[in-house]
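Novice: Sharing a structure, written as structure tokens. Questions coming.
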Ligand SMILES: *Cc1c(COP(=O)(O)O)cnc(C)c1O
């Protein structure tokens with residue numbers, strides 16, 4: 003080839019390492035010739051979407067020749083009502099991954115720095131690298147975010163700080179007191195992106211059974227008025243069970259939202275996703291049911307791990323990271339048992355595997371397979 007198309011790419015993109023998704027079920031079954039495999043690799047809701055969501059999608063199939071509402075008005079209005087926000091504060095995305103990327107594209111340049119924690123969600127280094135900004139990775143403390151060290155890493159060039167609460171893949175979380183103290187100390191010109199992809203599992207807002215609420219857990223939405231540099235992101239991919247549709251959102255002050263809405267694609271959220279997310283918001287019972295199942299099964303899984311003598315990092319999400327020694331070898335043996343989990347070598351946690359909390363049967367399959375292997 004006359005032209006080196008690799009070197010023609012921008013320096014940021016040339017240095018990218020693509021996101022590694024969980025192995026799809028049908029791929030495992032095809033490759034290993036097994037059936038009835040279970041996937042506990044991508045923190046999906048094991049119950050699937052609610053029946054009301056499926057009904058709404060079926061209705062919408064008939065109008066798919068039309069473009070969706072590019073402003074997503076009905077979904078934004080439903081979110082604004084539920085979360086007590088102004089509609090102008092919301093930016094919808096093709097998954098919250100999309101809004102994380104919009105934030106990076108709108109606010110980062112090659113002259114700016116981005117701070118995130120060691121072991122933080124893999125999308126932060128990707129969106130940072132893609133635009134050629136400089137990633138400042140701050141050492142974790144007990145697997146979690148070390149907020150004081152992150153504060154100390156701020157320089158004149160810092161434009162953005164990513165905080166996942168809870169963090170994926172570690173499941174660690176920061177409490178309200180520490181978060182507020184941190185936000186008080188961050189200069190207003192430094193944006194803080196608080197990624198609450200698992201918020202519903204930890205507190206579930208008004209739907210939370212007090213029994214399941216994690217004490218002292220921050221609600222990013224409640225902090226927005228006090229911190230104009232705060233951006234909170236959430237998703238329909240986890241507790242709402244809509245990972246396959248791709249819909250998430252960012253909430254911030256109206257000026258930031260205005261900027262984010264300028265860079266997004268005109269129709270970045272498709273019609274099925276808009277309708278399904280709106281229906282999911284209305285089905286509060288389903289959300290409660292999903293959160294309870296996760297809570298109960300998490301207890302069972304950690305008890306099972308304890309019995310097997312497997313160390314784990316306590317998690318407030320719908321997943322738990324476990325120490326197995328050689329992560330990749332254990333991952334592969336689990337595949338042969340028909341159980342897909344997530345290896346964490348790309349997080350520099352090669353002794354760990356991340357396991358999503360599934361249904362009772364799926365979790366039992368996973369625990370039995372672990373017991374057999376280890
Ligand atoms: C799963 C996840 C997301 C987003 O997923 P989307 O499907 O793109 O909404 C964002 N942040 C964290 C920490 C996650 O684990």
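In our numbering, the protein residues as written are 3 to 376.
Think of the CB as a built atom: it goes at the ideal place given N, C-alpha and C, for glycine as much as any other residue.
#1: If you draw a straight line from the C-alpha of residue 198 to the C-alpha of residue 259, how long is it?
#2: Consider the C-beta atom of residue 169 and the heavy atoms of ligand 1; say whether any pair is separated by less than 8 Å.
#3: Since residue 124 and residue 21 are thought to touch, with beta carbons under 8 Å apart, how far apart are those beta carbons, to the nearest angstrom?
#4: Please classify residue 141: is it buried, with 16 or more other beta-carbons within 10 angstroms of its beta-carbon, or exposed?
#5: Taking the beta strand (DSSP E) that residue 381 belongs to, which residues open and close that run?
#6: Just tell me which of 312, 93, 32 has its CA closest to the CA of residue 353.
#7: Going by the DSSP bridge assignment, what does residue 193 pair with across the sheet?
#8: If you reduce the DSSP assignment to three classes, tell me which class residue 115 lands in.
#9: For the region 46-59 against the region 233-244, are there 3 or more C-beta pairs whose distance is under 8 Å?
#10: In terms of residue numbering, what span does the alpha helix (DSSP H) encompassing residue 150 cover?
#11: Please classify residue 44: does DSSP put it in a helix, a strand, or coil?
#12: Does DSSP put residue 297 in a helix, in a strand, or in coil?
#13: Let me confirm a value: residue 109 is counted as buried when at least 16 other C-beta atoms fall within 10 Å, else exposed. Which label applies?
#14: Counting C-beta neighbours from all protein chains within 10 Å, is the total for residue 38 16 or more, i.e. buried, or is it exposed?
#15: Decide if residue 75 is buried, meaning its Cβ has at least 16 other Cβ atoms within 10 Å, or exposed.
#16: Under the rule that 16 or more other beta-carbon atoms within 10 Å means buried, what is residue 179, buried or exposed?
#17: Within a Cβ cutoff of 6 Å, which residues of the same chain sit near residue 1, ignoring the five residues on either side of it in sequence?
#18: Quick check on residue 358: does DSSP put it in helix, strand or coil?
#19: Could you work out which residue in 261, 168, 321, 224 is closest to residue 295 when comparing CA atoms only?
#20: Opposite residue 137 in the DSSP bridges: which residues?
#21: If you check the beta carbons only, do residue 42 and residue 339 fall under 9 Å apart?
#22: Put residue 316 into one of helix, strand or coil per three-state DSSP.
#23: So residue 235 is in the beta strand (DSSP E); what residue range does that whole segment cover?
#24: Would you say the beta carbon of residue 41 comes nearer than 8 Å to a heavy atom of ligand 1?
#25: Considering residue 95, what are the terminal residues of the beta strand (DSSP E) in which it resides?
#26: Pick helix, strand or coil for residue 341, following the three-state DSSP scheme.
#27: What's the gap between the Cα of residue 305 and the Cα of residue 98?
#28: Helix, strand or coil for residue 98, going by three-state DSSP, please let me know.
#29: Comparing the CB of residue 344 with every heavy atom of ligand 1, is any distance shorter than 8 Å?
Specialist: Well, looking at it:
#1: 17 Å
#2: yes
#3: 6 Å
#4: exposed
#5: One cannot answer for residue 381 here, as it falls past the ends of the chain, which runs 3 to 376.
#6: 312
#7: 162
#8: strand
#9: yes
#10: 149-154
#11: coil
#12: helix
#13: buried
#14: exposed
#15: exposed
#16: exposed
#17: The shown model of the chain, from 3 to 376, leaves out residue 1, and the question about it has no answer.
#18: strand
#19: 321
#20: 116
#21: no
#22: coil
#23: 232-237
#24: no
#25: 92-95
#26: strand
#27: 32 Å
#28: helix
#29: no
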